[in-house]
Amino acid sequence: MKNILLISIYTFLLIPVCFSAQNEQVDSLKKVVGSQNDTAVFNALLELSGHYQFNNFDSATYYVGMAEQLMIKSDRTEKYPKALFVHGNILYANNFYQEALDYFTKALDLAPPLVRDCITDALPLNCAIQ
């Protein structure tokens with residue numbers, strides 16, 4: 003009985019601490035979004051979209067859409083394929099397979115040749131493993 007009581011106490015003490023740490027991370031990322039550094043904002047937006055990928059589809063697509071728009075607006079197109087790939091991952095994780103494939107294809111088309119070659123060389127290996 004004493005063990006059950008201790009486990010219950012630890013559980014009720016640890017769960018709020020875990021959620022508090024997650025909220026602090028999200029809050030700090032949201033503060034970065036307000037900064038002037040495009041690269042830091044872009045990375046924070048992608049982190050936020052990844053945070054919400056499985057539990058809040060609307061927020062995830064909102065943040066990744068902001069990252070895409072930031073890259074288009076700032077003419078820093080070298081990171082745009084990464085945003086498209088993350089957007090594809092979000093769609094795939096939420097069972098929008100055709101839309102995800104469209105984003106993956108567009109990201110692959112816009113990726114630099116070296117990245118494109120690495121991805122296409124790895125595809126047969128990934129298919130063989132599955």
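Quick note: the sequence shown uses this note's numbering, first residue 3, plus one each step.
Cβ coordinates follow ideal geometry from the N, Cα and C atoms, glycine included.
DSSP, read as helix, strand or coil, puts residue 98 in coil. Between residue 86 and residue 64, the CB-CB gap reaches or exceeds 7 Å. In the DSSP assignment, residue 59 falls within the alpha helix (DSSP H) that extends over 59-75.
Note that the region 38-57 touches the region 66-79; at least 3 beta-carbon pairs, one per stretch, sit closer than 8 Å. Each residue's CA atom was taken as its position, placing residue 99 and residue 113 some 21 Å apart. Selection 97, 79 and 58 evaluated against residue 41 yields 79 as nearest (Cα-Cα). When only Cα atoms are considered, residue 62 and residue 111 end up about 23 Å apart.
With a cutoff of 7 Å on beta-carbon distance, residue 95 and residue 55 are scored as near each other. DSSP, read as helix, strand or coil, puts residue 39 in coil.
Secondary structure at residue 113: coil, using DSSP grouped into helix, strand and coil.
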